[in-house]
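Anchor point for the sequence shown: position 49 equals 49 in full-length UniProt numbering, and the numbering is continuous, going up by one each time.
We put the CB at the ideal spot given by N, CA and C, even for glycine.
Have a look at the structure below before the remarks.
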Amino acid sequence: MSLPQRVRLVEVGPRDGLQNEKQPISVADKVRLVDDLSAAGLGYIEVGSFVSPKWVPQMAGSAEVFAGIEQRPGVTYAALTPNLQGLEAALAAGVKEVAVFAAASEAFSQRNINCSIAESLKRFKPLMDTARQHGVRVRGYVSCVLGCPYEGEVAAEQVAAVAGELQAMGCYEVSLGDTIGVGTAGGVRHLFEVVGRHVPRERLAGHFHDTYGQALANIYASLLEGIAVFDSSVAGLGGCPYAKGATGNVASEDVLYLLQGLGIETGVDLPRLIETGQRISRVLGRESASRVARARAHLE
Ligand code: HMG
Ligand code: MG
């Protein structure tokens with residue numbers, strides 16, 4: 001299969017990245033991060049989540065972040081919502097697109113959202129109905145698609161079943177998450193082959209954490225499988241609070257560098273993205289996890 005000419009990057013740093021930070025990050029810093037990302041050319045930014053503040057305290061200020069950002073035309077500003085209560089809070093904050101998340105493993109579902117996979121899918125139904133009434137598009141995530149921190153191996157057929165349900169429920173796109181970053185290129189190709197029989201590939205996305213350093217190889221493997229949407233996090237921020245030891249998402253800068261090398265269009269400006277990553281890394285008081293950003297910093 002030939003590679004796609006264009007890839008859509010879904011920037012999840014402000015949500016998937018920052019949700020895992022223990023230290024307080026001001027609303028102003030979060031707003032600045034989102035505005036810098038849109039200025040760098042990212043067309044889709046997951047800004048925050050409307051989840052229980054007891055579970056993920058860092059996301060408690062998401063409504064304020066939405067109120068503070070500059071909403072550039074043509075950019076999608078999305079929020080993660082686990083249930084109807086979350087969607088209602090998102091709607092009140094003026095959010096126009098949301099994402100729901102289900103796991104491919106039972107144990108992870110219990111730890112992450114305190115219910116079984118089947119219950120979580122049932123909970124999404126009223127959310128989907130309300131979203132539809134408000135013209136809000138819903139994206140779906142499946143977590144632990146290449147391995148679970150509690151159960152180990154996860155069957156591709158199980159991922160396909162959950163992804164198929166999310167699509168049938170009305171998710172316009174389903175992002176397959178390697179939450180703990182254990183996947184390999186071979187596993188990724190097999191995964192998309194299996195899931196691709198249930199959900200068309202143009203409605204699938206890849207969401208890779210870089211724990212084992214395989215994320216770029218996994219993205220390349222996904223490209224070969226005809227996948228053209230990838231989630232990534234500026235400066236490689238983050239991890240998942242319910243997946244101990246999982247590091248951040250693959251760094252957006254590194255994905256962009258890979259795609260540029262393949263002649264694939266994204267509309268994103270690499271130097272501005274690097275600056276954005278350096279800025280938030282300074283706020284967090286640590287070095288960026290992006291290899292490209294580090295290499296460029298050493299050239300300066
Ligand atoms: P629960 O405790 O089972 O919920 O949590 P509940 O319905 O029994 O409600 C308990 C309390 O939470 C109540 O408050 C509710 O009002 C409140 P209280 O009466 O005790 O004061 N509550 C909420 N508050 C704010 N917003 C809401 C909300 N819902 C209930 N939406 C729940 C269930 C799903 C809420 C909880 O487990 C939760 O918030 N989990 C979030 C977990 C999370 O955000 N995880 C990280 C994101 S997923 C991820 O990172 C993976 C991904 O990146 C893909 C990948 O990498 O694979 C997407
Ligand atoms: Mg994630």
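The beta carbon of residue 58 sits no closer than 7 Å to any heavy atom of the ligand HMG.
The shortest C-alpha to C-alpha distance from residue 274 to any of 39, 4, 185, 16 is the one to 39. Remark: the C-beta of residue 16 is in contact range of the ligand HMG, defined as less than 7 Å to any heavy atom. DSSP, reduced to helix, strand and coil, places residue 109 within a helical segment of the structure shown.
The segment 63–80 makes no contact with the segment 110–124; the number of CB pairs closer than 8 Å stays below 3. Residues of the same chain with a CB within less than 8 Å of the CB of residue 269, apart from the 5 flanking positions on each side, are 40, 41 in chain order. Here residue 90 is buried. Its C-beta has 16 or more other C-beta atoms within 10 Å. Per DSSP, reduced to three states, the secondary structure at residue 190 is helical. Straight across, the Cα-Cα distance linking residue 272 with residue 215 is about 22 Å. In the three-state reduction of the DSSP assignment, residue 56 falls in the coil class. Assigned with DSSP and collapsed to three states, residue 66 falls in helix. Every alpha helix (DSSP H) stretch that sits fully inside the segment 131–201 and reaches 4 residues is listed by chain position as 156–169, 185–195. A Cβ-Cβ contact shorter than 8 Å links residue 11 with residue 252. Between the C-alpha atoms of residue 259 and residue 177 there is a straight-line separation of about 20 Å. Comparing alpha-carbon positions, the option among 45, 25, 132, 225 lying closest to residue 34 turns out to be 45. Beta-bridge annotation (DSSP): residue 231 is paired with 10, 207.
In the structure shown, the three-state DSSP call for residue 127 is helix. Closest by C-alpha distance to residue 289, out of 235, 265, 261, 247, is 235.
Secondary structure of residue 49 (DSSP, three-state): strand.
Where residue 253 is concerned, the enclosing alpha helix (DSSP H) starts and stops at 252–261. In the pairwise beta carbon analysis, the segment 98–111 is classified as not touching the segment 56–74: fewer than three pairs are separated by under 8 Å.
It is roughly 7 Å from the alpha-carbon of residue 183 to the alpha-carbon of residue 218.
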